[in-house]
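Data first, discussion second: the structure below is written as structure tokens.
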Amino acid sequence: MKRSGTTRDKVVAVTGGARGIGKAIAARFTAVGARVAIGDRDLAEAEDTAAELGVHAFALDVTDPVSFAGFLRAVRSELGPIDVLVNNAGIMWVGAFDEEPESAVRAQVEVNLLGVINGIRAAAPAMRGAGRGHLITVASAASILPTPGEATYAATKHGVLGYLKAARAEMRGSGVCFTVVMPAVVDTVLAAGTGTGAGPLLHPDDVAAAVVSAVIRPRFEITVPGFIGPVARLAGLLPQTVRDRVFGAIVPDQVAQMRADARVGYEKAAFTTSRAGQGHGRAASAE
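Take a look at the structure:
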């Protein structure tokens, strides 16, 4: 993909696209002339979203490499070679780390980390062969900040950032761009009942705008709001005690601030499953 790009007629595939940030991303790309396909475990809701936005919908379980490969194959068959893959699906459990159910730990690792790895591994070879493409991942400010009450979620998002840095280094010179978008708290069901810290509560379209802007002007790391990245980098230069005070002032302590009653519906949908990792379909696009 060119260093300065256009969105018109680009084929864009978005995971977790039925609602939340994924839906906003699909809407943004459609508005600027891209041809969009969304994947979601909840196919019925994805089809409703597709009808509303004028995009294509397919079933997708990001935790299953076979399902991911099938999703990309279906998109190529319907729309042609994929120019942009947006890894967006994700889930989050909030609370004290030593009270987190093991099933929630495993589900977050499977959806948030392995789901991204599955997507990159499935999409990158064709893009490298074509000498162009853009792999965009919606991660989180928790990729670079300490987030009390979101220990496993933060671990998966730190892992995503590390994986993307390594994969990007391996793909240097291939013509394939990598971008990781790291938003603070976004007004979706995933963040129900949580605090925002020093930052504003973001709208899904704030994240969608950052994703689309990355195609127009490619860069690797984007934080939303933009001040998060510089603050995290500068804080890293400070003594640990000072750094702790800085992060304590800007990062919400979700153990203290989280309202459990407001999260019951979301976490039941996300983590009450027939097998580990299968609940992300109802919640994945909230990421």
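Numbered per this note's numbering, the sequence shown spans residues 1 to 287.
Idealized CB from N, CA, C, for every residue including glycine.
All values derive from a computational prediction rather than experimental measurement.
Per DSSP, cross-strand counterpart(s) of residue i
i: residue 85; result: 13, 135
i: residue 179; result: 136
i: residue 202; result: 186
i: residue 37; result: 13, 56
i: residue 224; result: 183
Of the listed residues the options, nearest to residue i (C-alpha basis)
i: residue 152; options: 255, 120, 105, 43; result: 105
i: residue 54; options: 70, 68, 37, 267; result: 37
i: residue 88; options: 48, 21, 82, 169; result: 21
i: residue 217; options: 189, 136, 195; result: 136
i: residue 108; options: 234, 120, 99, 92; result: 92
i: residue 270; options: 16, 122, 12; result: 16
i: residue 149; options: 99, 167, 243; result: 99
i: residue 220; options: 231, 11, 134; result: 134
i: residue 12; options: 266, 215, 224; result: 215
i: residue 58; options: 52, 40, 49; result: 40
i: residue 161; options: 50, 131, 138; result: 138
i: residue 56; options: 225, 65, 76, 67; result: 76
i: residue 67; options: 43, 84, 47; result: 43
i: residue 157; options: 245, 169, 172, 90; result: 90
Cβ neighbours of residue i in the same chain (closer than 6 Å, five flanking residues each side left out)
i: residue 228; result: 141
i: residue 96; result: 255
i: residue 24; result: 204, 205, 208
i: residue 167; result: 120
i: residue 174; result: 128
i: residue 9; result: none
i: residue 195; result: 252, 257
i: residue 223; result: 182, 229
i: residue 126; result: none
i: residue 170; result: none
i: residue 26; result: 14, 17, 36, 38, 53, 55
i: residue 154; result: 142, 147
i: residue 122; result: 68, 69, 72
Own chain residues within Cβ distance below 7 Å of residue i, not counting five before or after
i: residue 197; result: 250, 251, 252
i: residue 201; result: 185, 187
i: residue 45; result: 18, 19
i: residue 263; result: 94, 192, 193
i: residue 74; result: 58
Exposure label - residue i; buried when at least 16 CB within 10 Å
i: residue 164; result: buried
i: residue 240; result: exposed
i: residue 179; result: buried
i: residue 237; result: exposed
i: residue 272; result: exposed
i: residue 147; result: buried
i: residue 190; result: buried
i: residue 210; result: buried
i: residue 267; result: buried
i: residue 242; result: exposed
i: residue 288; result: With the chain represented from 1 up to 287, any question about residue 288 goes unanswered, as that position is not in the structure.
i: residue 85; result: buried
i: residue 234; result: exposed
Beta-carbon contacts of residue i that lie in its chain and below 8 Å, excluding the five residues immediately before and after
i: residue 7; result: 29, 32, 33, 34, 212, 215, 216
i: residue 244; result: none
Cβ-heavy atom distance, residue i to the ligand PLP, below 6 Å
i: residue 108; result: In the structure shown, the ligand PLP is absent, as is every other ligand, since no ligand is present at all.
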